[in-house]
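Remarks on the structure that follows.
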RNA sequence: GGUGGAGUGGCUGAGCGGCCCAAAGCAACAGCCUGCAAAGCUGUCAACCCACGGGUUCAAAUCCCGUCUCCACCU
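Residue numbers (this note's numbering): 1219 to 1535.
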């Protein structure tokens, strides 16, 4: 962590359902009291999509209290998206905000997207034709054969990717074949921020979060998630590559089709959500810059604000 | 009350005389992660002798008897 340099951007991370969005809004509101304008930059990969509201727990407009949100509702359902594209778009937003003196607050739980945005890393290029070919090969030959192929081209990368992980093997092959250079295939040990950042993490006891997530999912169904998904069918959610894999949405579709009963769909969604939260934690845990807070803490906002003020070198309240 | 079926790890569930100090999946726990990432993947843990008691057998989770519990059907 780098507490001596003043952060030029705030970032709120953590597993789903920990209240990141609300904390971000409240933080922005608090900062406004100190005369600092802050706006939110969404880093939740499913809240990018227009119309996906209930299932992504998007904060309703009237609960945003006028705090402007960027990178929210910027994609049509059918649009495919990638972390690389997000990196470009979101950085553009951030540099615009900074240029006008607004403090960006990045909020979300999409690990790779946040990493891409906040850290100095560049995605090696891409080649659609090559990729299509590799993906076909993967289907035809299986991951083990593809792994062998990678081994011949880049031993180190091969040693770092499990022979069963077809997805990553394909990407590694793609990179090696187009760049002609070895592919690190592992996350850097050092976290290097592309801008001085103050990271705030929200979490709590696992048992509590697990229960809370279950309730949240049930609530989504009660609020009409299935209706929402129905209305998204005409926009192409079924064929979309990214939006259709959203937890809850894919289960709702299955229940519409009768492949799952409503109860099964809910149960599966709960399970996937809880599993997702676990993966998020295992990702975020290794980022030493994060200042963790307990979302159950009654004085959460005060404590966060106190850290924020100190970091931004604002006079105490 | 009668008939039939079942009782195996936290849950689901295979095994039906020796290869079972008991498969697999889920959950739990840990980890990976550089253009699909709410995705993709890996590892670990978990059954005091498999409801309980007795018996048959060289050998039983597996066969027999009894008890208890559950399910289905019947009167």
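All C-beta atoms, glycine included, are put in the ideal place defined by N, C-alpha and C.
No experiment lies behind these values; they were computed from the predicted model shown.
Less than 8 Å separating the beta-carbons of residue i and residue j?
i	j	result
residue 1295	residue 1443	no
residue 1285	residue 1227	no
residue 1329	residue 1501	yes
residue 1364	residue 1388	yes
residue 1368	residue 1352	no
residue 1412	residue 1375	no
residue 1431	residue 1237	no
residue 1383	residue 1361	yes
residue 1519	residue 1299	no
residue 1414	residue 1225	yes
residue 1421	residue 1499	yes
residue 1484	residue 1436	yes
residue 1310	residue 1291	no
residue 1536	residue 1505	Residue numbering for the chain in the displayed model covers 1219 to 1535; residue 1536 lies beyond these limits and cannot be assessed.
residue 1350	residue 1301	no
residue 1426	residue 1514	yes
residue 1259	residue 1312	yes
residue 1293	residue 1266	yes
Using 10 angstroms around the beta-carbon of residue i, count the other beta-carbons present and answer buried if the total reaches 16, otherwise exposed.
i	result
residue 1468	buried
residue 1405	exposed
residue 1407	exposed
residue 1283	exposed
residue 1233	buried
residue 1280	exposed
residue 1441	exposed
residue 1529	buried
residue 1488	buried
residue 1223	exposed
residue 1358	exposed
residue 1370	exposed
residue 1317	exposed
Cα separation between residue i and residue j?
i	j	result
residue 1507	residue 1475	45 Å
residue 1503	residue 1496	10 Å
residue 1378	residue 1366	13 Å
residue 1339	residue 1272	33 Å
residue 1480	residue 1473	6 Å
residue 1448	residue 1433	22 Å
residue 1531	residue 1456	49 Å
residue 1274	residue 1239	11 Å
residue 1403	residue 1304	21 Å
residue 1185	residue 1372	Residue 1185 cannot be examined here, being either before or after the span of the chain that is shown, 1219 to 1535.
residue 1482	residue 1494	18 Å
residue 1459	residue 1424	31 Å
Looking only at its chain, what residues have a beta carbon closer than 8 Å to the beta carbon of residue i, apart from the 5 residues adjacent to it on each side?
i	result
residue 1332	1229, 1231, 1261, 1324, 1326
residue 1270	1264, 1276, 1295, 1446, 1450, 1461, 1464, 1467
residue 1257	1246, 1285, 1286, 1287, 1288, 1315, 1320, 1321, 1322, 1323
residue 1397	1342, 1343
residue 1509	1219, 1416, 1417, 1418, 1419, 1525
residue 1254	1321, 1530, 1532
Just to confirm the assignment, what range does the alpha helix (DSSP H) spanning residue i have?
i	result
residue 1332	1329-1336
residue 1240	1238-1251
residue 1362	1361-1371
residue 1254	Per DSSP, residue 1254 belongs to no alpha helix (DSSP H) and is neither H nor E.
residue 1490	1480-1502
residue 1433	1424-1440
residue 1518	1518-1530
residue 1391	1384-1397
residue 1285	Segment: none, residue 1285 is in no alpha helix (DSSP H) and carries neither H nor E.
residue 1474	1467-1474
residue 1443	1443-1451
Where does the unbroken beta strand (DSSP E) through residue i begin, and where does it stop?
i	result
residue 1512	1509-1512
residue 1295	From DSSP, residue 1295 is part of no beta strand (DSSP E); its letter is neither H nor E.
residue 1279	No beta strand (DSSP E) holds residue 1279; DSSP gives it neither H nor E.
residue 1416	1415-1421
residue 1227	1227-1231
residue 1321	1321-1325
Tell me which same chain residues have a C-beta within less than 6 Å of the C-beta of residue i, skipping the five on either side of it?
i	result
residue 1477	none
residue 1453	1295
residue 1386	1379
residue 1512	1422
residue 1470	1443, 1444, 1447
Can you find the residues in the same chain that come closer than 7 Å, C-beta to C-beta, to residue i, ignoring five residues on each side of it along the sequence?
i	result
residue 1492	1428, 1431
residue 1521	1511, 1515
residue 1348	1392, 1395, 1396
residue 1490	1465
residue 1517	none
Cβ of residue i within 7 Å of any heavy atom in the ligand MN?
i	result
residue 1261	This structure lacks the ligand MN; in fact it carries no ligand of any kind.
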